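Novice:
Protein chains: 2
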Amino acid sequence: MQHLSDGTVTSPQGFLAAAVPAEIKYKNRNDLTLIVSETDCAATAVFTRSQVVAAPVIADRDTLARNTTSIRAVVINSGNANASTGKPGLTNARLTQGLAAKELGCHSDQILVMSTGVIGVPLPIDKVADGITLAVPQLSAENGRSAAEAIMTTDTVAKHLAVQAELSGGMVTIGGMAKGSGMIHPDMATMLSLITTDAVVPPDVLKSLLKTAVNQSFNRISVDGDTSTNDTVLLLANGASGVAIDNHDDAEAFSEALNVLTRELATRIVKDGEGATKFVEIQVSGAKTSANAHTIANTIATSPLVKTAFAGSDANWGRILAAAGRAGIPFDQYKVDLWIGIEQPDELQLVNQGTPTDYEEADAAAIFAQSAFIISLQLSEGNESDTVWTCDLSHDYVSINADYRT
Amino acid sequence: MQHLSDGTVTSPQGFLAAAVPAEIKYKNRNDLTLIVSETDCAATAVFTRSQVVAAPVIADRDTLARNTTSIRAVVINSGNANASTGKPGLTNARLTQGLAAKELGCHSDQILVMSTGVIGVPLPIDKVADGITLAVPQLSAENGRSAAEAIMTTDTVAKHLAVQAELSGGMVTIGGMAKGSGMIHPDMATMLSLITTDAVVPPDVLKSLLKTAVNQSFNRISVDGDTSTNDTVLLLANGASGVAIDNHDDAEAFSEALNVLTRELATRIVKDGEGATKFVEIQVSGAKTSANAHTIANTIATSPLVKTAFAGSDANWGRILAAAGRAGIPFDQYKVDLWIGIEQPDELQLVNQGTPTDYEEADAAAIFAQSAFIISLQLSEGNESDTVWTCDLSHDYVSINADYRT
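In the order they appear, the protein sequences are chains A and B. Read in order, the letters of the first sequence correspond to residues 888 to 1293 in the working numbering. Read in order, the letters of the second sequence correspond to residues 888 to 1293 in the working numbering.
#1: According to DSSP, is residue 1156 (chain B) helix, strand or coil?
#2: Could you tell me which uninterrupted alpha helix (DSSP H) segments, each at least 4 residues in length, are contained entirely in the region 1088-1150 of chain B, listed from first to last along the chain?
#3: Using only the alpha-carbon positions, how far apart do residue 1294 (chain A) and residue 960 (chain A) sit?
#4: Are the Cβ atoms of residue 973 (chain B) and residue 1244 (chain A) separated by less than 7 Å?
#5: For residue 914 (chain A), count the other beta carbons within 10 Å of its own beta carbon; 16 or more makes it buried, fewer makes it exposed. Which is it?
#6: For residue 1053 (chain B) and residue 1188 (chain B), which I take to be in contact (beta-carbon distance under 8 Å), what is that distance rounded to the nearest angstrom?
#7: Please list the partners that residue 1006 (chain B) has in chain A, where partner means a Cβ-to-Cβ separation under 8 Å.
#8: Using a Cβ cut-off of 9 Å, which residues of the region 963-976 of chain A contact any Cβ in chain B, in chain order?
#9: Which same chain residues end up closer than 8 Å to residue 1258 (chain B) when comparing Cβ atoms and leaving out the 5 residues on each side of it in sequence?
#10: Reducing DSSP to helix, strand and coil, say where residue 1243 (chain B) ends up.
#11: How many Å lie between residue 953 (chain A) and residue 1094 (chain A) at the Cα?
#12: List the endpoints of the continuous beta strand (DSSP E) containing residue 980 (chain A).
#13: Can you round the beta-carbon distance between residue 1170 (chain A) and residue 1263 (chain A) to whole angstroms, since I take them to be within the 8 Å contact cut?
#14: Specify the secondary structure class of residue 1030 (chain B) as computed by DSSP and reduced to three states.
#15: On the DSSP bridge assignment, give the partners of residue 1060 (chain A) in chain order.
#16: Any beta carbon from chain A within less than 7 Å of residue 1241 (chain B)'s own beta carbon?
#17: Report the three-state DSSP secondary structure of residue 1177 (chain A) (helix, strand or coil).
#18: Using the beta-carbon count (16 or more within 10 Å), is residue 1247 (chain A) buried or exposed?
#19: Indicate the three-state DSSP secondary structure (helix, strand or coil) for residue 995 (chain B) in the structure shown.
#20: Can you look up residue 1207 (chain B) in the DSSP assignment and give me helix, strand or coil?
#21: Across the region 1192-1203 of chain B and the region 1075-1091 of chain B, are there enough close Cβ pairs to call them in contact, namely three or more that are closer than 8 Å?
#22: Rounded to whole angstroms, how far is the Cβ of residue 1049 (chain A) from the Cβ of residue 1035 (chain A), which I believe are closer than 8 Å?
#23: Taking only beta-carbon positions, decide if residue 1311 (chain B) is within less than 7 Å of chain A.
#24: Terminal residues of the continuous beta strand (DSSP E) containing residue 906 (chain B)?
#25: Check the Cβ-Cβ distances between residue 1116 (chain B) and every residue of chain A, and say whether any is below 7 Å.
#26: Roughly how many whole angstroms lie between the Cα atoms of residue 970 (chain A) and residue 1153 (chain B)?
#27: Determine the closest residue to residue 1100 (chain A) out of A:1147, A:1219, A:1077, with distance taken between C-alpha atoms.
#28: Among the residues of its own chain, which have a CB less than 7 Å from the CB of residue 977 (chain A), if the five just before and after it don't count?
#29: Tell me, please, which residues DSSP counts as bridged to residue 960 (chain A).
#30: Quick one: what does DSSP say residue 1185 (chain B) is sitting in, helix, strand or coil?
#31: List the residues of chain B that residue 1272 (chain A) touches, going by C-beta distances under 9 Å, in chain order.
#32: Shorter than 7 Å from the beta carbon of residue 1072 (chain B) to some beta carbon of chain A?
#33: Between the Cα of residue 1273 (chain A) and the Cα atoms of A:1177, A:1016, A:1006, which residue gives the shortest distance?
#34: My output table needs one value for residue 950 (chain A): the three-state DSSP class, helix, strand or coil.
#35: Out of curiosity, what's the CA-to-CA distance linking residue 1078 (chain B) and residue 1066 (chain A)?
#36: Starting from residue 1274 (chain B) and walking both ways along the beta strand (DSSP E), at which residues does that stretch end?
Right, dumping it as structure tokens:
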């Protein structure tokens, strides 16, 4: 497996992109993106689990219930989430599908849609229509980077890459882009990701591969009940390479490449938190179930008090245990061990059986001062574990909290 | 029922207080508080539901399991939570009970303890011991206000009051104090409250009365799983007035007074959030269970994106629905109504059956610009409801989020 320098969603063969200024909300920047495959794609998606879902999520779920074998294009707008817009919002999402289908000469069930931006404001469908008309003639394999830029909202950097994997039948390419600067706010901002590949992969295999990939990447920066109205990860396979997944080794190689790509995109989302200066891995082990471990890890990872301590390089581990305690998962506080480390999770033990060790504060502070470090909480309640990634929280919030202990 | 001007925990007969500088963490301020009843008290308490509970919570639970009829004193320290301090922390909490018992000439099972401050740092028991010795000679009914000041940590104002109720046998007084500036941070800081009364109330009745009072006050600013390691509400009744609860009317009158007092203390905690300028009531109705309504209301109330919109007087109701959607409670987004108001919850409808109404933005902004207003979310899933109180979130967080929609 190898990384493609400056790769994008148009790195795989047969994918084209165009990004245009539709003035949906922003002025003087591209905010409407069209990604088109020259041939039909197998498609699969993972969506938000919120009870309040945006119209494009409903439209895509409906579309993918009918068609996972001949998707041709994705229309993505930034500046308006088309969420909490009622039935008219759903009509607008479906109108977008219809407009793109008409321009591209295909059926509306071959079009998927994604939106990100403000909630509760009607999508200006006329501007979307004009944008699509403007975009089609500009479709090009050179526009992958423009596409990654046009889907940004509060993001400070465009997130895109591509990887290649050698299968038994030849080389395949996977390209991806994402937007989101989540985990810096306890409410995760919308996370959108579109992944393309020129491998030949049937929809059911694609679905399984994406589920595995998401569980070890985007789900480590988000969770059930902590998703926005619009969160979507979409994977399209157009088979343009002519190379199929023919055997177990091929499946392994492709899956590894997809996992690396999604993990890298998820990591970049964490690192793009406003003011984020640190990337922190939270490992919880010894839980009765991996879901329990995940819930505890996520409660720690989203705690503003924990995240401000990270920002202040203050090894205020009491806040870590306090966050774990309020996660709603039963455990015995007198069986808990806590370790921290830079390269390995077990470099310095802070808590042994619920009691502080006689570690040196300077040693703990030296680890918390790194730009990346690992927190490992061991519960001794079972054998399951999980990991999430987070960043520090800075700004005025820090000035109130980071110095609390000194 | 009437309010006592500048009332405190020593307003009821037979209660004394002393607050002294023990230098547990702070310099040049009182941080150790002793509250003593001249006679034995019936006692009851409500504690945090966190899995990681501070040593004083464990000590008090144990003590109240053995003795709810002859409590004599409470020792409260600020600056150190004695939480995540392992078994030595529990030893220190029990030593504190023993030290106070010795100084006051009673049994250690007649002493309760409360702590608030930094987590994970050993309680300096020698300083606590010196503080208790220093405090005992200073015990006075004049020190109620000093006590309320000495338990503060991040609080900006001392919170104390007293109310009186006329029972069939005569007048009784209830005094209370609290510390906490919760709900401004999604992690609630420690909330401690001590309530005293000179009414004659048996422990089982006291327990029931406190449960009712807490459910309509402190539990509206906190929830299961969102509590700190130390949260405690303690109610002591020394019977010094000689007036008992003799009949149903007496019970009603006493309960009403206790409810008013606890509601006022809880309200003051919300209003004391750093930088808080608004007091917002979140009503959720039409839920299948009141627990569901509470979960949704609390998710809205703790959402930083919602709270920054409050601060910016931006009626960005999409964030309210988005927060409701990720609360983990199933509901149909196309059956949701949303109303806002200043005096009444139903003054202006923003959302009807999941679809924005044609309300005037200026009317919505005028309500959000008030220092107090009401949000009412109606689910149409059932007949249960619940209410929580919250405040706005200001500081730099606002500069990032409050202008997002404009």
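For glycine and all other residues, C-beta sits at the position ideal for the given N, C-alpha and C. Only a predicted model underlies this, so the values are computations on that prediction, with no experimental measurement involved.
Specialist: Let's see:
#1: Numbered from its first residue, the second sequence carries residue 1156 (chain B) at position 269. Looking at residue 1156 (chain B) - three-state DSSP - the assignment turns out to be helix.
#2: 1090-1102
#3: No answer is possible for residue 1294 (chain A): it lies beyond the span of chain A, which begins at 888 and ends at 1293.
#4: Locating residue 973 (chain B) in the second sequence gives position 86, where the first residue counts as 1. Locating residue 1244 (chain A) in the first sequence gives position 357, where the first residue counts as 1. No; because the gap between Cβ atoms is not below 7 Å, this pair is not in contact.
#5: Residue numbering aside, residue 914 (chain A) sits at position 27 when the first sequence is read from its first letter. Its Cβ having fewer than 16 others within 10 Å, residue 914 (chain A) is exposed.
#6: Taking the first residue of the second sequence as 1, we reach residue 1053 (chain B) at position 166. Taking the first residue of the second sequence as 1, we reach residue 1188 (chain B) at position 301. About 36 Å; that fails the 8 Å criterion.
#7: The residue labelled residue 1006 (chain B) in the question sits at position 119 within the second sequence. Near residue 1006 (chain B) (Cβ distances below 8 Å), the residues of chain A are 1203, 1205, 1206, 1208, 1209.
#8: 968, 970, 971, 972, 973, 974, 975, 976
#9: By one-based count along the second sequence, residue 1258 (chain B) stands at place 371. Closer than 8 Å at the Cβ level, and outside the excluded window around residue 1258 (chain B), lie 1164, 1165, 1166.
#10: By 1-based counting over the second sequence, the position of residue 1243 (chain B) is 356. Of the three classes helix, strand and coil, the one that applies to residue 1243 (chain B) here is strand, per DSSP.
#11: Walking along the first sequence from the start, residue 953 (chain A) turns up at place 66. Walking along the first sequence from the start, residue 1094 (chain A) turns up at place 207. Going from the Cα of residue 953 (chain A) to the Cα of residue 1094 (chain A) covers about 15 Å.
#12: Sequence index remark: in the first sequence, residue 980 (chain A) carries index 93 (1-based). Careful: residue 980 (chain A) lies outside any beta strand (DSSP E), inside the alpha helix (DSSP H) at 973-991.
#13: Start at 1 with the first residue of the first sequence, and residue 1170 (chain A) comes out as number 283. Start at 1 with the first residue of the first sequence, and residue 1263 (chain A) comes out as number 376. Between residue 1263 (chain A) and residue 1170 (chain A) the Cβ distance is about 4 Å, and since that is below 8 Å, they are a contact.
#14: What you label residue 1030 (chain B) is simply residue 143 of the second sequence in a count that begins at 1. Here DSSP, grouped into helix, strand and coil, assigns residue 1030 (chain B) to coil.
#15: For the purposes of this step, residue 1060 (chain A) is taken as residue 173 along the first sequence, with counting starting at 1. Answer is A:1051.
#16: Residue mapping note: residue 1241 (chain B) aligns to position 354 of the second sequence, counting from 1. At a cut-off of 7 Å between C-beta atoms, residue 1241 (chain B) counts as an interface residue with respect to chain A.
#17: Counted from its first residue, the first sequence places residue 1177 (chain A) at position 290. Per DSSP, reduced to three states, the secondary structure at residue 1177 (chain A) is helical.
#18: To locate residue 1247 (chain A), count along the first sequence from 1; it is residue 360. Under this definition residue 1247 (chain A) is an exposed residue.
#19: Translated into positions along the second sequence, residue 995 (chain B) becomes position 108. DSSP places residue 995 (chain B) in helix when its eight states are reduced to three.
#20: Within the second sequence, the letter at position 320 stands for residue 1207 (chain B). Correct three-state label for residue 1207 (chain B): helix.
#21: no
#22: As a first step, residue 1049 (chain A) must be located in the first sequence, where it is residue number 162. As a first step, residue 1035 (chain A) must be located in the first sequence, where it is residue number 148. Contact flag wrong, Cβ pair sits at about 11 Å.
#23: Outside the modelled stretch of chain B, which goes from 888 to 1293, sits residue 1311 (chain B), for which no answer is possible.
#24: In the second sequence, residue 906 (chain B) corresponds to position 19, counting from 1. Residues 902-907.
#25: Counting from 1 along the second sequence, the entry for residue 1116 (chain B) is found at position 229. True, the Cβ-Cβ gap to chain A drops below 7 Å.
#26: Here residue 970 (chain A) corresponds to residue number 83 of the first sequence, with the count starting at 1. Here residue 1153 (chain B) corresponds to residue number 266 of the second sequence, with the count starting at 1. When rounded, the distance between both Cα atoms is 35 Å.
#27: Locating residue 1100 (chain A) in the first sequence gives position 213, where the first residue counts as 1. Of A:1147, A:1219, A:1077, the residue nearest in Cα terms is A:1147.
#28: Position 90 of the first sequence, counted from the first residue, corresponds to residue 977 (chain A). Around residue 977 (chain A): 942, 945, 946.
#29: Numbered from its first residue, the first sequence carries residue 960 (chain A) at position 73. Looking at the DSSP assignment, residue 960 (chain A) forms a beta bridge with A:923, A:998.
#30: Counting from 1 along the second sequence, the entry for residue 1185 (chain B) is found at position 298. Looking at residue 1185 (chain B) - three-state DSSP - the assignment turns out to be helix.
#31: Position 385 of the first sequence, counting from 1, holds the residue named residue 1272 (chain A). Chain B residues near residue 1272 (chain A): none, gap ~18 Å exceeds 9 Å.
#32: Residue mapping note: residue 1072 (chain B) aligns to position 185 of the second sequence, counting from 1. With a pLDDT of 48 at residue 1072 (chain B), under the threshold of 50, the modelled position of this residue cannot be trusted; read the value that follows with caution. Answer yes: the Cβ-Cβ gap between residue 1072 (chain B) and chain A drops below 7 Å somewhere.
#33: Translated into the one-based positions of the first sequence, residue 1273 (chain A) becomes position 386. Nearest option by C-alpha distance: A:1177.
#34: If you number the first sequence from 1, residue 950 (chain A) lands on position 63. Note: residue 950 (chain A) maps to helix in three-state DSSP.
#35: By one-based count along the second sequence, residue 1078 (chain B) stands at place 191. By one-based count along the first sequence, residue 1066 (chain A) stands at place 179. Taking the straight line from one Cα to the other gives about 38 Å.
#36: Residue mapping note: residue 1274 (chain B) aligns to position 387 of the second sequence, counting from 1. That run of the beta strand (DSSP E) goes 1271-1278.
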